[in-house]
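Residues in the sequence shown are numbered consecutively from -8, following my numbering.
Yeah, the Cβ is synthetic: ideal placement off N, Cα and C, and Gly gets one too.
Remarks on the structure that follows.
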Amino acid sequence: MRREKGKEEGDDRGKAKDPKDKDKETEAIRERYLGIVKKRKRVRRLNDRKFVFDWDAGDDTSLDYNQLYKEKHQVQFFGRGNIGGIDIKAQKKDQSRFYGDLMEKRRTDAEKDQEKKRLSNVATKEAKQKWDDRHWSEKPLENMQERDWRIFKEDFNISCKGGRIPNPIRFWREANLPRELLDIIDKVGYKEPTPIQKQAIPIGLQNRDIIGVAETGSGKTAAFLIPLLTWLMGLPKIARMEDADQGPYAIILAPTRELAQQIEEETIKFGKDLGIRVVSIIGGISREEQGFKLRLGCEIVIATPGRLIDVLENRYLVLSQCTYVVMDEADRMIDMGFEPEVRKILDYLPVSNEKPDTEDAEDDTAMLQNFNTKQKYRQTVMFTATMPPTIERLARTFLRRPTVVYIGNVGKPVDRVEQYVYLVGENEKRKKLLDVLGKGIDPPIIIFVNQKKGADVLAKSLEKMGHNACTLHGGKGQEQREFALASLKNGSKEILVATDVAGRGIDIKDVSMVINYDMARNIEDYTHRIGRTGRAGKHGVAVTFITKEDSATFYDLKQCLLQSSVSPCPPELANHPDAQHKPGTVTQKKRKDETVFIA
-8 MRREKGKEEG
2 DDRGKAKDPK
12 DKDKETEAIR
22 ERYLGIVKKR
32 KRVRRLNDRK
42 FVFDWDAGDD
52 TSLDYNQLYK
62 EKHQVQFFGR
72 GNIGGIDIKA
82 QKKDQSRFYG
92 DLMEKRRTDA
102 EKDQEKKRLS
112 NVATKEAKQK
122 WDDRHWSEKP
132 LENMQERDWR
142 IFKEDFNISC
152 KGGRIPNPIR
162 FWREANLPRE
172 LLDIIDKVGY
182 KEPTPIQKQA
192 IPIGLQNRDI
202 IGVAETGSGK
212 TAAFLIPLLT
222 WLMGLPKIAR
232 MEDADQGPYA
242 IILAPTRELA
252 QQIEEETIKF
262 GKDLGIRVVS
272 IIGGISREEQ
282 GFKLRLGCEI
292 VIATPGRLID
302 VLENRYLVLS
312 QCTYVVMDEA
322 DRMIDMGFEP
332 EVRKILDYLP
342 VSNEKPDTED
352 AEDDTAMLQN
362 FNTKQKYRQT
372 VMFTATMPPT
382 IERLARTFLR
392 RPTVVYIGNV
402 GKPVDRVEQY
412 VYLVGENEKR
422 KKLLDVLGKG
432 IDPPIIIFVN
442 QKKGADVLAK
452 SLEKMGHNAC
462 TLHGGKGQEQ
472 REFALASLKN
482 GSKEILVATD
492 VAGRGIDIKD
502 VSMVINYDMA
512 RNIEDYTHRI
522 GRTGRAGKHG
532 VAVTFITKED
542 SATFYDLKQC
552 LLQSSVSPCP
562 PELANHPDAQ
572 HKPGTVTQKK
582 RKDETVFIA
């Protein structure tokens, strides 16, 4: 029986197994030893209310962006600013190049083209901005923007007030002037216009009324002469006697003879080649001789107020066709008491050519149309170094919608003048003056005193001590005054001892020092005195001796020194009781434990 059973088993081994049975056997072994059981997919019934969290990967229809951009993106780990999977040393060695290459690899061709276009637009915009941001001196006139004109005015400390103000001129060649006048300017040697000339000339060329407020030595004479000469070139010359009977086309008023003669000299320098004649009417010269010159005819009359009133009242002169009026150093004329005379002179002018007191007086188109005709509106120009209330009243009466041009700090000395102040006794002045002069200062030097007699005494003392000195004051005759100025200008005299007659408007080239032997009676006169040096862009020195009798000016003088960046304020002046408050504003009375303020 065993033999039969073995025979049956042998028969089974010899037979080949079915593949299906083999798979079942393999599956059974896996289930037995590995424990992997294939679960059937559960089909959710419609009535099954439970939410099924199990889902098959085949149900996901979203894109696998990680797989899609596997080559484009790198795995980044946050922290320390580095990229994972790349050597840190390689990243830190050249970070800009490393990250640039990395970004370049990550960009598509479309993104690269877009970035190139963006960078090109940025470069074009920056180049345009850089072109627009050039300094005004590098731009042609037609490319000047509003911003450039603001910078230009700030560079030259120009400020204006009034409607429709034209842009200033940058260079002479850009000025709207006749060719003949530009040639004369070049011949005279004016390289560039000064700040007051830059702004006042284009306003004057529009037939606008002007109030020019500028420091002494700023070129105000040429600022009103150049528009005046341009205006005269459009009018017929006064050559016949009947033309002369109508009077000149323009009058220029000056407070002193010296200033009037200086303006005459400058006017002849410009007007001679243009065929424009000038006559000065000042004191100290025969009235009949001046009347004879007036009868021969002239286009411009330069005069001091007192003598001009005398000539007008005696019928040596009429102003029937005068349509251009200049008042130079107007504040000085008012200070000298010439306000009634100035008003009377202006009343002699015809009223038929006055500007309309409307917006047309500010309209450059309307003014230019009138400027190019023979029947011109009256143009009134006033130049001054300060703006006291009397000047403002005068301007409101006789000027029509004027443009006010301010240059620098009005009524303050320029920073080109170094000011030194010494508090001394009256008897110590002479010794201190000799100490200053003994330092080997180059001439010419101007010494100011307050009295005529003091000027003569001081000049004689200096002559005895070996200094070449001359005097200038109101008690001198016209020939003596002219000789004193000529001696200082040609170098035969080194020192000019003068009163305030020389304090305004007189232009003596290269004055190295001004000495106030006597302190001026007010700060305005002080400002004009020290303005005789440091002119035309040069540097100068001003020395002032003050005593206890000058205490009324201590406060203003202290403020003047503090506002100057190149001038020291001595401690004895800075700490003086009279320099702590302005006289006449507030006084103090101390009573035991209280202080009473009285306005």
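Rounding to the nearest angstrom, what Cα-Cα distance links glutamate 585 and proline 562 in this structure?
Here residue 585 refers to the residue found at position 594 of the sequence shown. Here residue 562 refers to the residue found at position 571 of the sequence shown. Only weak support is given to the placement of glutamate 585: the predicted model assigns it a pLDDT of 43, under 50, and the question is left unresolved by the model.
Rounding to the nearest angstrom, what Cα-Cα distance links tyrosine 368 and lysine 335 in this structure?
Here residue 368 refers to the residue found at position 377 of the sequence shown. Here residue 335 refers to the residue found at position 344 of the sequence shown. When rounded, the distance between both Cα atoms is 20 Å.
Using three-state DSSP, classify phenylalanine 329 as helix, strand or coil.
Position 338 of the sequence shown, counting from 1, holds the residue named residue 329. Three-state DSSP puts phenylalanine 329 in coil, outside helix and strand.
Would you kindly report the start and end of the unbroken alpha helix (DSSP H) that includes glutamate 563?
On the sequence shown, position 572 is the one that residue 563 refers to. 562 to 565 is the span of the alpha helix (DSSP H), which, as asked, contains glutamate 563.
Local conformation of asparagine 167 per DSSP, three classes:
Working through the sequence shown from its first residue, we reach residue 167 at position 176. Residue state, collapsed to three classes: coil.
Go ahead and label methionine 221 buried or exposed: buried means 16 or more other beta carbons lie within 10 angstroms of its beta carbon, across all protein chains shown.
Counting from one through the sequence shown, the residue named residue 221 turns up at place 230. According to the sequence shown, residue 221 is threonine rather than methionine. Threonine 221 should be labelled buried.
Residues in its own chain within less than 7 Å of lysine 63 by CB, not counting five upstream and five downstream?
The residue given as residue 63 occupies position 72 in the sequence shown. Here lysine 63 scores only 47 on pLDDT, less than 50, and its place in the model should not be relied on; the value that follows carries that caveat. Contacts found: Arg97.
In chain order, what residues of the same chain lie with their CB nearer than 6 Å to the CB of asparagine 158, ignoring the 5 residues before and after it?
Here residue 158 is taken as the residue at index 167 of the sequence shown, counted from 1. Once the five neighbours on either side are set aside, the close Cβ partners of asparagine 158 are Trp140.
Sequence-distant residues of the same chain with beta carbon closer than 6 Å to proline 574, five excluded per side
If you number the sequence shown from 1, residue 574 lands on position 583. Ala543.
Assigned exposure category for tyrosine 90 - 16 Cβ within 10 Å defines buried
Here residue 90 corresponds to residue number 99 of the sequence shown, with the count starting at 1. Answer is exposed; the Cβ neighbour count stays below 16.
Inter-residue Cα distance where the pair is lysine 549 and glutamate 345:
Taking the sequence shown and counting its residues from 1, one reaches residue 549 at position 558. Taking the sequence shown and counting its residues from 1, one reaches residue 345 at position 354. Approximately 45 Å between the Cα atoms of the pair.
Going by beta-carbon coordinates alone, are glycine 288 and valine 408 separated by less than 8 Å?
Start at 1 with the first residue of the sequence shown, and residue 288 comes out as number 297. Start at 1 with the first residue of the sequence shown, and residue 408 comes out as number 417. It is not a contact, given that the beta carbons lie outside the stated cut-off.
Identify, in the order they occur along the chain, each residue of the same chain with its Cβ nearer than 6 Å to the Cβ of phenylalanine 215, setting aside the five sequence neighbours on each side.
Here residue 215 refers to the residue found at position 224 when the sequence shown is read from its first residue. Same-chain partners within the cutoff: Val317 and Val372.
In angstroms, rounded to a whole number, what distance separates the CA positions of lysine 11 and leucine 93?
Indexing the sequence shown from 1 puts residue 11 at position 20. Indexing the sequence shown from 1 puts residue 93 at position 102. Rounded to the nearest angstrom, the two C-alpha atoms are 56 Å apart.
Can isoleucine 499 and glutamine 410 be called in contact, C-beta distance under 8 Å?
Sequence index remark: in the sequence shown, residue 499 carries index 508 (1-based). Sequence index remark: in the sequence shown, residue 410 carries index 419 (1-based). Taking 8 Å as the Cβ cut-off, isoleucine 499 and glutamine 410 do not qualify as a contacting pair.
Span separating the alpha-carbon of glycine 402 from that of proline 186:
Reading the sequence shown from its first residue, position 411 is the one you call residue 402. Reading the sequence shown from its first residue, position 195 is the one you call residue 186. A caution first: glycine 402 carries a pLDDT of 49, below 50, which makes its placement in the model too unreliable to give a value.
Run of the beta strand (DSSP E) containing tyrosine 315, from where it starts to where it stops
As a first step, residue 315 must be located in the sequence shown, where it is residue number 324. Run containing tyrosine 315: 315 to 318, per the beta strand (DSSP E) assignment.
Based on DSSP bridge pairs, tell me the residues matched to leucine 172.
Start at 1 with the first residue of the sequence shown, and residue 172 comes out as number 181. Leucine 172 pairs with nothing; no bridge assigned.
Residues that glutamate 409 bridges to, as DSSP identifies them
Within the sequence shown, numbered from 1, the residue matching residue 409 stands at position 418. The partner list for glutamate 409 (beta bridge, DSSP) reads Val532.
So does the region 323 to 331 actually touch the region 160 to 177, counting three or more Cβ pairs closer than 8 Å?
no
How far does the alpha helix (DSSP H) with valine 372 in it reach, from first residue to last?
Counting from one through the sequence shown, the residue named residue 372 turns up at place 381. First-last for valine 372: 370 to 375, but that is the beta strand (DSSP E), not the alpha helix (DSSP H).
Do three or more CB pairs link the region 290 to 304 to the region 258 to 271 at distances below 8 Å?
yes
Helix, strand or coil for serine 311, going by three-state DSSP, please let me know.
On the sequence shown, residue 311 is found 320 positions in, with the first residue counted as 1. In this structure, serine 311 counts as coil in the three-state DSSP scheme.
My understanding is that threonine 490 touches alanine 475, with C-beta atoms under 8 Å, so please give their C-beta distance in whole angstroms.
Here residue 490 corresponds to residue number 499 of the sequence shown, with the count starting at 1. Here residue 475 corresponds to residue number 484 of the sequence shown, with the count starting at 1. Going by Cβ atoms, the distance from threonine 490 to alanine 475 rounds to 12 Å, so no, they are not a contact pair.
Going by Cα to Cα distance, which pick from Ala241, Ser311, Gly465 and Gly457 is closest to glutamate 485?
Counting from 1 along the sequence shown, the entry for residue 485 is found at position 494. Here the closest residue by C-alpha is Gly457.
Using DSSP with H/G/I as helix, E/B as strand and the rest coil, what is serine 452?
The count along the sequence shown starts at 1 and reaches residue 452 at position 461. It is helical.
How would you call histidine 637, buried or exposed, if buried means at least 16 neighbouring beta carbons within 10 angstroms?
Outside the shown range of the chain (-8 to 590) lies residue 637, about which nothing can therefore be said.
Checking the sheet assignment: what are the DSSP bridge partners for methionine 94?
Working through the sequence shown from its first residue, we reach residue 94 at position 103. Answer is none; methionine 94 lacks a bridge partner.
Residues in the same chain with beta-carbon distance under 6 Å from isoleucine 259, minus the five sequence neighbours each way, listed in chain order, please.
Stepping through the sequence shown from its first residue, residue 259 is reached at position 268. Counting only Cβ-Cβ distances below 6 Å, and skipping sequence neighbours, we find Val269.
Can you name the start and end residues of the beta strand (DSSP E) that methionine 504 belongs to?
Position 513 of the sequence shown, counted from the first residue, corresponds to residue 504. Here the beta strand (DSSP E) through methionine 504 covers 504 to 507.
Can you have a look at histidine 519 and say buried or exposed, based on whether 16 or more other CB atoms are within 10 angstroms of its CB?
In the sequence shown, counting from the first residue as 1, residue 519 sits at position 528. With 16 or more Cβ atoms within 10 Å of its Cβ, histidine 519 is classed as buried.
So, with DSSP's three-state summary, where would you put isoleucine 160?
Counting from one through the sequence shown, the residue named residue 160 turns up at place 169. Isoleucine 160 falls in the coil class under three-state DSSP.
Mind pulling the alpha helix (DSSP H) runs of 4 or more residues that sit fully within the region 416 to 465?
420 to 428 and 443 to 455
Identify the continuous alpha helix (DSSP H) that holds valine 302 and give its terminal residues.
Stepping through the sequence shown from its first residue, residue 302 is reached at position 311. Per DSSP, valine 302 belongs to the alpha helix (DSSP H) from 296 to 304.
Based on the DSSP output, what are the partners of threonine 394 in its beta bridges?
The count along the sequence shown starts at 1 and reaches residue 394 at position 403. Note: threonine 394 sits in a beta bridge opposite Ile201.
Return helix, strand or coil for cysteine 151, following the three-state DSSP convention.
Along the sequence shown, read from residue 1 onward, the residue named residue 151 stands at position 160. Three-state DSSP puts cysteine 151 in a strand.
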